[in-house]
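To start, the structure itself, in structure tokens.
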Amino acid sequence: AQTVTQSQPEMSVQEAETVTLSCTYDTSESDYYLFWYKQPPSRQMILVIRQEAYKQQNATENRFSVNFQKAAKSFSLKISDSQLGDAAMYFCAYRRGSGYSTLTFGKGTMLLVSP
Amino acid sequence: SQTIHQWPATLVQPVGSPLSLECTVEGTSNPNLYWYRQAAGRGLQLLFYSVGIGQISSEVPQNLSASRPQDRQFILSSKKLLLSDSGFYLCAWSVATGASYGYTFGSGTRLTVV
């Protein structure tokens, strides 16, 4: 079974600085997708960024980018120019690409942003 | 555009009482539907998923059940709630084909069993 591990229960960053959230996963599949979700205090789950395993190029969405290391099975999220609104729980998730599959989530990393 | 509605937002129920949480999706057909539970300080646990009307797959054996009476309606139920059923329940949908798409989540229901 696939597992997703987020080893940092909590991270802190100051406004305007950069922070990196770690995620590793375990799979024997070659075709899969990785996601980062944000859950602010409202608890609404918001998709932040998505990465296809077959793509070598790292995904980028404005201030959010990933470092996808397929051989190492690592998928970290970098947030640049951090803002107070970035404070939230961040979840890493995995989904197998072939056949029917569901999203498997890590336990999350709480990101605190200070002025 | 597609929207997902989940209600109620908050619920306080006594132990042993029944439960019914409802989720509906608009703007799409034949979605895959999911129920997740998020316990305090923990990640998301998949409870049920459905790929079509009347088709329910259970991931975790427990006190809960799910039904899909209509294409875009997904219901989470219990006949008798336990204290351990407390948590935050999230409904989500995804397109039927294409694992590249993530899920779109509802706003969640905070359930407290007392």
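First to last, the sequence lines map onto chains A and B.
Per the working numbering, the first sequence runs over residues 1 to 115.
Per the working numbering, the second sequence runs over residues 1001 to 1114.
Heads up, the beta-carbon is just placed ideally off N, CA and C, and yes, glycines get one too.
These numbers come from a predicted model, not from an experiment.
Residue i: first and last residue of the uninterrupted beta strand (DSSP E) it sits in
i                  : result
Arg-1037 (chain B) : 1032–1038
Leu-112 (chain A)  : 109–114
Arg-1042 (chain B) : Careful: Arg-1042 (chain B) lies outside any beta strand (DSSP E) and carries neither H nor E.
Ala-93 (chain A)   : 88–96
Thr-1097 (chain B) : Segment: none, Thr-1097 (chain B) is in no beta strand (DSSP E) and carries neither H nor E.
Arg-50 (chain A)   : 46–52
Gln-39 (chain A)   : 32–39
Leu-1082 (chain B) : No beta strand (DSSP E) holds Leu-1082 (chain B); DSSP gives it neither H nor E.
Glu-29 (chain A)   : Careful: Glu-29 (chain A) lies outside any beta strand (DSSP E) and carries neither H nor E.
Thr-3 (chain A)    : 3–5
Beta-ladder partner(s) of residue i, from DSSP
i                  : result
Ile-79 (chain A)   : A:Val-19 and A:Phe-64
Glu-10 (chain A)   : A:Met-110
Ser-1001 (chain B) : Ser-1001 (chain B) is not bridged to any residue.
Ser-74 (chain A)   : A:Thr-24 and A:Gln-69
Thr-102 (chain A)  : Answer is none; Thr-102 (chain A) lacks a bridge partner.
Ala-1092 (chain B) : B:Tyr-1034 and B:Phe-1105
Leu-962 (chain B)  : In the structure displayed, chain B extends from 1001 to 1114; residue 962 (chain B) sits before or after that span and is not available.
Val-1051 (chain B) : Answer by DSSP bridge pairing: none, since Val-1051 (chain B) is not bridged.
Ser-1058 (chain B) : B:Phe-1048
Ser-1067 (chain B) : B:Ile-1075
Gly-1087 (chain B) : B:Leu-1111
Gln-56 (chain A)   : Gln-56 (chain A) pairs with nothing; no bridge assigned.
Leu-1021 (chain B) : B:Leu-1076
Residues that residue i contacts on chain A, provided the C-beta gap is smaller than 9 Å
i                  : result
Val-1051 (chain B) : Tyr-100
CB-CB length for residue i against residue j, believed under 8 Å
i                  : j                  : result
Trp-1035 (chain B) : Glu-1022 (chain B) : About 11 Å separates the two Cβ atoms, so there is no contact after all.
Ser-1086 (chain B) : Ser-1020 (chain B) : 16 Å between Cβ atoms; not a contact.
Tyr-1101 (chain B) : Ala-1092 (chain B) : Going by Cβ atoms, the distance from Tyr-1101 (chain B) to Ala-1092 (chain B) rounds to 11 Å, so no, they are not a contact pair.
Tyr-37 (chain A)   : Ile-46 (chain A)   : 6 Å
Leu-1033 (chain B) : Ser-1050 (chain B) : 5 Å
Leu-1090 (chain B) : Val-1113 (chain B) : Rounded, the Cβ-Cβ distance is 17 Å, inconsistent with contact.
Val-113 (chain A)  : Ser-80 (chain A)   : Rounded, the Cβ-Cβ distance is 13 Å, inconsistent with contact.
Contacts that residue i makes with chain B (C-beta to C-beta distance below 7 Å)
i                : result
Leu-47 (chain A) : Gly-1102
Phe-75 (chain A) : None at all; the shortest Cβ gap to chain B is about 14 Å.
Within chain B, the residues that residue i reaches when beta carbons sit closer than 9 Å
i                : result
Leu-21 (chain A) : Those within 9 Å of Leu-21 (chain A) in chain B number zero; the least Cβ separation is about 14 Å.
Tyr-90 (chain A) : None at all; the shortest Cβ gap to chain B is about 11 Å.
Where residue i meets chain B, residues with beta-carbon distance less than 8 Å
i                 : result
Glu-124 (chain A) : Outside the displayed range of chain A (1 to 115) lies residue 124 (chain A), so it cannot be described from this structure.
Phe-64 (chain A)  : Within chain B, no residue comes near Phe-64 (chain A); the closest Cβ sits about 14 Å away, beyond 8 Å.
Ser-107 (chain A) : It is Lys, not Ser, that sits at residue 107 (chain A) in the sequence shown. Going along chain B in sequence order, the residues near Lys-107 (chain A) (Cβ under 8 Å) are Arg-1042 and Gly-1043.
Listed by chain order, chain A residues near residue i by CB distance under 8 Å
i                  : result
Pro-1088 (chain B) : It is Phe, not Pro, that sits at residue 1088 (chain B) in the sequence shown. Within 8 Å Cβ-Cβ: Arg-43.
Ser-1107 (chain B) : Ser-42, Arg-43 and Gln-44
Gly-1054 (chain B) : Within 8 Å Cβ-Cβ: nothing; Gly-1054 (chain B) doesn't reach chain A, min ~17 Å.
Partner residues on chain A for residue i, Cβ-Cβ distance less than 7 Å
i                  : result
Gly-1027 (chain B) : Neighbours of Gly-1027 (chain B) on chain A: none; closest Cβ ~17 Å, over 7 Å.
Heavy atom of the ligand GTP within 7 Å of residue i beta-carbon
i                  : result
Arg-1110 (chain B) : The ligand GTP is not among the ligands present in this structure, which contains no ligands whatsoever.
* **Segment contact, 8 Å Cβ cut-off, at least three pairs: the segment 1040–1051 of chain B with the segment 99–115 of chain A** => yes
* **Any 3 or more C-beta pairs closer than 8 Å across the segment 5–16 of chain A and the segment 1003–1015 of chain B** => no
* Asked: How do the segment 85–92 of chain A and the segment 1066–1079 of chain B stand: do at least 3 beta-carbon pairs fall below 8 Å, yes or no?
  -> no
* To do: Report yes or no: do the segment 67–76 of chain A and the segment 24–35 of chain A share at least 3 C-beta pairs separated by less than 8 Å?
  => yes
* Give a yes or no on contact between the segment 53–62 of chain A and the segment 1060–1070 of chain B, applying the rule of three or more CB pairs nearer than 8 Å. => no
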